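Novice: After the structure tokens below, expect a handful of questions from me.
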Amino acid sequence: MDLNCERSDACSLIASDGRALGSGILDTRDPVAAWRRFSWSEDAQFDEAYIANAIHDAVMRRGEESCRRLVSSDADYLPGLVIEQYEDLFTVQFSSRAVEGHSKFVVDLLKEMFAAQEIVLINDMPERESLGLERYRRTVSGNNLKGRWVAIDGVEFRIDLLNANKPVIFLDQREQHTLVGSLCEGRRVLDGFAHSSAFALQAMRSGAELAVA
21 MDLNCERSDA CSLIASDGRA LGSGILDTRD PVAAWRRFSW SEDAQFDEAY IANAIHDAVM
81 RRGEESCRRL VSSDADYLPG LVIEQYEDLF TVQFSSRAVE GHSKFVVDLL KEMFAAQEIV
141 LINDMPERES LGLERYRRTV SGNNLKGRWV AIDGVEFRID LLNANKPVIF LDQREQHTLV
201 GSLCEGRRVL DGFAHSSAFA LQAMRSGAEL AVA
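Be aware that the sequence shown starts at 21, since it is given in our numbering, and climbs by one per residue.
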């Protein structure tokens with residue numbers, strides 16, 4: 021690996037036999053100090069053109085639900101970037117310096133791609149401190165945002181994007197919520213992963229005798 025790159029730079033990883041294993045982000049301030057791949061190509065650039073294409077590709081892989089995880093960090097080859105949609109509200113998390121450096125571009129791209137009523141920057145994660153990044157949570161507009169109800173897979177949830185102390189709903193687990201619910205007809209269910217009670221609510225929706233969260 022080329023360790024002469026600057027902090028938060030894109031670096032190529034080379035195997036011992038000389039094969040290029042792709043390009044990734046390396047941040048020496050990260051306690052994990054992990055090389056996070058974003059491309060299988062050697063010497064790829066983590067620039068605005070790449071980010072725009074990767075976000076578009078991620079969105080194209082998603083369904084048409086009104087509440088959904090649009091970008092899922094490393095899984096979508098965008099290390100440190102998570103974007104979620106709650107109808108016409110969007111949340112963005114930047115947990116790497118690489119994407120933080122393109123934060124304005126990402127926000128502007130979301131405005132261009134979607135008719136967003138508001139975008140909330142959820143950047144109050146403790147791990148940002150170790151990277152030398154400010155912790156904050158606010159709307160892009162600077163306006164206050166009241167809680168509201170949204171429908172997710174037939175269940176109504178109240179979301180408060182500015183004040184929730186954890187992810188409002190684990191949208192990356194939506195399919196698991198409905199799958200588990202579909203197996204619960206006539207059963208008595210204990211939901212031990214109960215931040216939003218989504219498993220319990222889907223179980224009751226599918227005809228569970230009782231659900232406790």
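All residues carry an ideal CB built from backbone N, CA and C; glycine is no exception. Quantities reported herein were computed from a predicted structural model and do not represent experimental measurements.
Confirm, please, whether the CB-CB distance from D29 to L46 is below 8 Å.
Specialist: Within the sequence shown, numbered from 1, the residue matching residue 46 stands at position 26. Within the sequence shown, numbered from 1, the residue matching residue 29 stands at position 9. Yes, the Cβ-Cβ distance between L46 and D29 is below 8 Å.
Novice: How far does the alpha helix (DSSP H) with L221 in it extend, from its first residue to its last?
Specialist: If you number the sequence shown from 1, residue 221 lands on position 201. Counting along the chain, the alpha helix (DSSP H) containing L221 begins and ends at A218 to R225.
Novice: What whole-angstrom Cβ distance do L153 and T159 have, given they're in contact under 8 Å?
Specialist: By one-based count along the sequence shown, residue 153 stands at place 133. By one-based count along the sequence shown, residue 159 stands at place 139. L153 to T159, Cβ: 19 Å. No contact.
Novice: Can you tell which of A223, L210 and N73 has the C-alpha that lies nearest to the C-alpha of V232?
Specialist: Looking up residue 232 in the sequence shown gives position 212. Cα-wise, what sits closest to V232 is L210.
Novice: Evaluate S116 with the Cβ neighbour count: other Cβ atoms within 10 Å of its Cβ, from every protein chain shown; 16 or more gives buried, anything less gives exposed.
Specialist: As a position in the sequence shown, residue 116 is number 96, starting the count at 1. Label assigned to S116: buried.
Novice: Per DSSP, D29 forms a beta bridge with which residues?
Specialist: For the purposes of this step, residue 29 is taken as residue 9 along the sequence shown, with counting starting at 1. L46.
Novice: Which residue from D37, P51 and D67 puts its Cα closest to that of C31?
Specialist: By one-based count along the sequence shown, residue 31 stands at place 11. With distances taken between Cα atoms, C31 lies closest to D67.
Novice: Thinking just about the alpha-carbon of each residue, which of L182, G227, A74 and S150 is nearest to the one in F110?
Specialist: Start at 1 with the first residue of the sequence shown, and residue 110 comes out as number 90. Out of L182, G227, A74 and S150, L182 has the C-alpha closest to the C-alpha of F110.
Novice: Per DSSP, W60 is paired with what?
Specialist: For the purposes of this step, residue 60 is taken as residue 40 along the sequence shown, with counting starting at 1. W60 is not bridged to any residue.
Novice: Rounded to a whole number of angstroms, what is the C-alpha to C-alpha distance between L90 and Q113?
Specialist: Stepping through the sequence shown from its first residue, residue 90 is reached at position 70. Stepping through the sequence shown from its first residue, residue 113 is reached at position 93. If you take the alpha carbons of L90 and Q113, they lie about 12 Å apart.
Novice: Mapping the DSSP letters down to three states, classify R117 as helix, strand or coil.
Specialist: For this step, residue 117 is matched to residue 97 along the sequence shown. Helix.
Novice: Of all the options D144, L221, S150 and D94, which has the alpha carbon lying nearest to the alpha carbon of Y156?
Specialist: As a position in the sequence shown, residue 156 is number 136, starting the count at 1. Nearest option by C-alpha distance: D144.
Novice: Between which two residues does the beta strand (DSSP E) harbouring Q105 extend?
Specialist: Looking up residue 105 in the sequence shown gives position 85. Q105 -> beta strand (DSSP E) spans L101 to Y106.
Novice: Do the CB positions of F125 and I71 come within less than 8 Å of each other?
Specialist: Residue numbering aside, residue 125 sits at position 105 when the sequence shown is read from its first letter. Residue numbering aside, residue 71 sits at position 51 when the sequence shown is read from its first letter. Cβ distance < 8 Å, so F125 and I71 count as in contact.
Novice: Between which residues of its own chain and A214 is the CB-CB distance below 6 Å, once the five residues before and five after are set aside?
Specialist: Counted from its first residue, the sequence shown places residue 214 at position 194. For A214, where only same-chain residues beyond five positions count, the Cβ hits under 6 Å are A233.
Novice: So is D37 buried or exposed if we call it buried at 16+ other beta carbons inside 10 Å?
Specialist: Counted from its first residue, the sequence shown places residue 37 at position 17. With fewer than 16 Cβ atoms within 10 Å of its Cβ, D37 is classed as exposed.
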